[in-house]
Amino acid sequence: MSSIKKFEKLLEDLPKIINNMEENEFRKKVSINKWSKQEILGHLCDSAANNHSRFVRIILSDELVRIDGYKQDEWVEIHDYQNNYNKSDLLALWVQLNKHILNVIKKAEPSDFNKHCVLSDKSRVTLGWLFDDYVNHLEHHIRQILS
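147 is the number that the UniProt record's numbering gives the last residue of the sequence shown; the numbers go up by one with no jumps.
The structure is reproduced here in structure tokens:
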């Protein structure tokens, strides 16, 4: 299955999964140092916001794009997903951010997926690799939400 098809399926499936979860289960923290399922979804919103910008910059650029990392723990902390959002608002944000990404990826030309970028660790990857990695990252965290 292509990454685009997997991504579309995740966009369809995750809202059903989360809507079927009890609010207290979704917000439960097993440890002060571990994210709740709600915070994991917040992290996925941060990831979507960062990756949307990366994807657009790569597609629109004729130059090699340098991709900065971001401090994921600090992003989750500053947004305070645990206290500033309810489940339905956070899920709506995640859906809209990812629909935004899907529109960009579907608009990309096949040649765009071969454009290179340089990651913060200095490795060089293509947009195709970066998008595949984004989808794999989503799947990883969705498994955490399901556990």
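All C-beta atoms, glycine included, are put in the ideal place defined by N, C-alpha and C.
| Asked | Found |
| --- | --- |
| CB contact flag (Ile145, Lys16, <8 Å) | no |
| Where the beta strand (DSSP E) containing Val30 begins and where it ends | It is not in any beta strand (DSSP E) - Val30 carries neither H nor E in the DSSP assignment. |
| Beta carbon of His52 nearer than 8 Å to that of Val104 | yes |
| His43 vs Gln72 beta-carbon contact at 8 Å | yes |
| C-alpha gap between Val125 and Arg143, whole angstroms | 26 Å |
| Runs of alpha helix (DSSP H) lying entirely within the UniProt domain "DinB-like" (7–145), each at least 4 residues, in chain order | 23–27, 37–60, 72–79, 81–84 and 87–107 |
| Whole-Å CB distance - Leu102 paired with Phe7, under 8 Å assumed | 6 Å |
| Buried versus exposed call for Ile18 [16 or more other C-beta atoms within 10 Å across all chains shown] | buried |
| Any 3 or more C-beta pairs closer than 8 Å across the stretch 48–64 and the stretch 22–33 | no |
| Local Cβ density within 10 Å of Tyr134, reported as buried at 16 or more and exposed below that | buried |
| Sub-8 Å separation of Trp75 and Asp46 beta-carbons | yes |
| Reduced DSSP secondary structure (H/G/I, E/B, other) of Ser147 | coil |
| Pair within 8 Å by beta-carbon distance, Leu127 and Phe55 | yes |
| Reduced DSSP category for Ser3 - H, G, I as helix; E, B as strand; rest coil | helix |
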